[in-house]
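Notes follow the structure.
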Amino acid sequence: MTNTILTQGDIWLANLNPQQKSEPGKIRPVLIIQNQYLLDANHSTTIIVPLTTNLIDDAEPLRIRINAEDKLEKNSDLLIDQVRAIDNKRFIGSPLLNIGTDRLKYVIDALQQVIHIPETKD
């Protein structure tokens, strides 16, 4: 990937090989969740959530369903517990879909539940 604009909330194809043990591998869709400021600064890695077409119903907050639309051809589940950073060279092609701000907020809320960052008191 060269000179491509990454946007928070976009779903792209990415090559996640090589994988380690229970990590999702192969070429698969991923959701960009990294802060737009870092994306705009051309940071060399991007924080993503991988998607799978191995659907499991009622598995929130660990999985969130993204229905097929635009260039995302199959219904998919976001693997919230598999969040990771990848090198920007792993992105393939162009965005498949942007999930929009409401769905992105829902994903970030699920991530908050999974990693449980306590609120700080100033």
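Under the working numbering, the first residue of the sequence shown carries the number 496, and numbering increases by one thereafter. Beta carbons: idealized from backbone N, C-alpha and C, even for Gly.
Query	Result
Can you tell me which of the three DSSP states G504 falls into?	coil
Excluding the five sequence neighbours on either side, which residues of its own chain have a C-beta within less than 6 Å of the C-beta of G504, listed in chain order?	N593, I594, L599
If you draw a straight line from the C-alpha of N676 to the C-alpha of L574, how long is it?	No statement about residue 676 is possible, as the shown extent of the chain runs from 496 to 617 and does not include it.
Apart from the five residues just before and just after K566, which ones in its own chain have a Cβ nearer than 7 Å to its Cβ?	L591, L592
To the nearest angstrom, report how far apart D572 and R579 are at their CA atoms.	16 Å
Check whether the region 600-610 touches the region 555-562, counting contact only when three or more Cβ pairs, one atom from each stretch, lie closer than 8 Å.	yes
Would you kindly work out how many angstroms separate the C-alpha atoms of T548 and R560, rounded to a whole number?	10 Å
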